[in-house]
Structure formats: structure tokens, C-alpha cells
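Student: Take this structure first; my questions come after.
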Amino acid sequence: MIIRTEIKIGDEWVELSGDNEVGTLTRDVIKTGEMMNGDDKLAYRTYTYQELPLEDIDRGWRDDELNDTDKYMTLPDHPLFLNYQKYRAELRDWTGTAQFPGVRPTLNEAQLSIITQLAFLQRFSTEEYAALDIASIDDPSSDSAAREQQAALRKMLKQIDMATYIDLGDVDALLALQTMKTLGILTDSRITEITTNPILEVEKYKGPL
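Numbering (the numbering used here), first residue to last: 4 to 212.
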């Protein structure tokens with residue numbers, strides 16, 4: 004615990020020494036009064052302060068961030084609308100993760116490449132999707148490694164089918180496309196087209212993240 008004193012000059016309180024780290028401190032005034040400075044009488048106050056626990060500091064920061072970004076939730080046409088949605092979800096979940104406290108979430112300021120599940124499937128040709136579907140069929144005559152791969156493909160197709168949206172920059176999406184490349188279904192150039200072709204207005208996902 005540290006004791007500091009402020010004097011009032013005009014309408015403002017000025018600390019006599021040291022720095023006042025507003026937002027990381029808790030303060031309790033223990034004494035107020037007046038002091039003489041030559042012929043001038045100045046009001047003063049003495050207070051104690053101590054640093055807040057890191058958990059309280061980060062939780063306060065999180066709450067401020069949620070308050071400051073709430074306005075974007077009424078602007079669905081804002082270019083970073085989905086970014087703010089995702090950021091706010093991360094802020095709400097943060098206190099229950101191993102990164103809390105100390106490692107704060109950050110806002111991704113690059114526009115997200117999020118499209119609807121249907122739009123993602125429509126980026127595949129009929130031939131590509133058919134090849135993927137056939138490769139996922141369980142073949143009891145295959146060896147165990149092949150059957151595991153078939154099961155993994157069925158799981159991947161089910162996840163795509165059940166997804167609300169697809170983030171083209173997400174690691175899982177990229178791994179799925181790489182798996183299709185390994186099977187000879189996609190080429191590097193097709194993966195690039197699927198993930199980087201301009202997102203049409205009809206493809207954009209505009210629901211909650």
C-alpha cells in the first residue's frame with residue numbers, strides 16, 4: 004500500500020509526486036484539508052492506493068472493450084461487422100480460457116472471408132464433389148488405413164453439411180482442402196481459387212457467429 008497526496012489547482016487535482024495509473028488502482032481517501040502555499044490556501048487530499056489483481060484489471064478491460072464495440076452490432080453492413088462479432092465472442096469466452104488473465108484477445112482488422120455453407124459447397128465443381136463423395140464411401144474390403152481415411156472424409160462432409168458458415172481462412176477449412184488435394188480431387192490452383200476468389204454478395208454470411 005502506498006500513500007500519496009494531491010492538491011487542487013483550479014478545478015483539477017494534481018498529484019504532488021509519482022504517477023497515477025488510473026484503471027489499475029483502487030484508491031481510498033484517508034484525509035482532506037487545506038495547506039498554505041505562500042499567501043495561497045490550497046485544498047489537498049491524501050489517499051492510499053494499491054494495485055488491483057491482474058484478473059480484475061483484465062476483466063475491467065474486457066468489459067470496456069465489449070461496451071466500446073457494442074455499437075458495431077447495429078451496423079451489419081460495416082466491413083468489419085463479422086470481425087467485431089467474432090472478437091466480442093472471444094472476449095466473452097476469454098475469462099474461461101487458459102489465456103486469462105494476461106493474454107488479451109485482439110481484433111482482426113483484416114476483413115474475414117466468411118461465407119455460407121451453401122456458398123462453400125457451390126465453389127466445388129460437380130465432378131469434384133462427386134469424387135469426394137465416392138472417396139468417403141466405406142469399403143469393407145479396404146485395409147484399415149484406407150477405411151480410417153474414408154471415415155475421416157465422411158466426418159468432414161458431415162461437418163461441412165452441418166456448418167452454419169465457413170471461414171475460408173480457418174485452419175480446419177484449409178486442412179480439409181489439403182486432404183482433398185492428397186486424394187487427387189483438388190489441385191493447388193483449385194484450392195487457391197476456392198479460398199481466394201472474390202466473395203459475392205450472395206455468398207456472404209450475415210448471421211450471428
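From the three backbone atoms N, C-alpha and C, an ideal C-beta is built for every residue, glycine too.
Over the uninterrupted beta strand (DSSP E) stretch that includes V17, give me the two end residues.
Tutor: Run containing V17: E15 to E18, per the beta strand (DSSP E) assignment.
Student: For A2, which residues of its own chain have a beta-carbon under 7 Å away from its beta-carbon, when the five flanking residues on both sides are left out?
Tutor: Since the first and last residues shown for the chain are 4 and 212, residue 2 lies out of range.
Student: Let me confirm a value: P108 is counted as buried when at least 16 other C-beta atoms fall within 10 Å, else exposed. Which label applies?
Tutor: Buried, by the Cβ-count rule.
Student: Contact check, I163 vs Q120 under 8 Å by CB: the rounded distance?
Tutor: Correct: roughly 7 Å between the Cβ atoms.
Student: Closest to E130 by C-alpha separation, out of D146, G187, R95 and T8, would be which residue?
Tutor: Of the candidates D146, G187, R95 and T8, the one whose C-alpha sits nearest the C-alpha of E130 is G187.
Student: Would you kindly work out how many angstroms separate the C-alpha atoms of K44 and T51, rounded to a whole number?
Tutor: Using only the alpha carbons, I get a separation of about 23 Å.
Student: State buried or exposed for D170, treating a residue as buried only when at least 16 other CB atoms are found within 10 Å of its CB.
Tutor: Looking at its Cβ environment, which holds 16 or more other Cβ atoms inside 10 Å, D170 is buried.
Student: The alpha helix (DSSP H) with Y87 in it runs from where to where?
Tutor: Residues F84 to W97.
Student: Would you tell me roughly how many angstroms separate the C-alpha atoms of I213 and A154, rounded to the nearest one?
Tutor: For the chain, the structure presents residues 4 to 212; residue 213 sits outside this window and is missing.
Student: From what residue to what residue does the alpha helix (DSSP H) around I194 run?
Tutor: Segment D191 to T199, the alpha helix (DSSP H) holding I194.
Student: So what does DSSP say about I202, is it helix, strand or coil?
Tutor: Reduced to three states, the DSSP call for I202 is coil.
Student: Excluding the 5 residues preceding and the 5 following T198 in the sequence, name in chain order all residues of the same chain whose CB lies nearer than 6 Å to its CB.
Tutor: Closer than 6 Å at the Cβ level, and outside the excluded window around T198, lie L171.
Student: Alpha carbon to alpha carbon, how far is D141 from M77? Give it in angstroms, no decimals.
Tutor: In the sequence under discussion, the amino acid at residue 77 is Thr, which differs from the Met named in the question. Cα to Cα, T77 sits roughly 47 Å from D141.
Student: Cα-Cα, which of L135, G210, Y75 and S116 is closest to L203?
Tutor: Answer by Cα proximity: S116.
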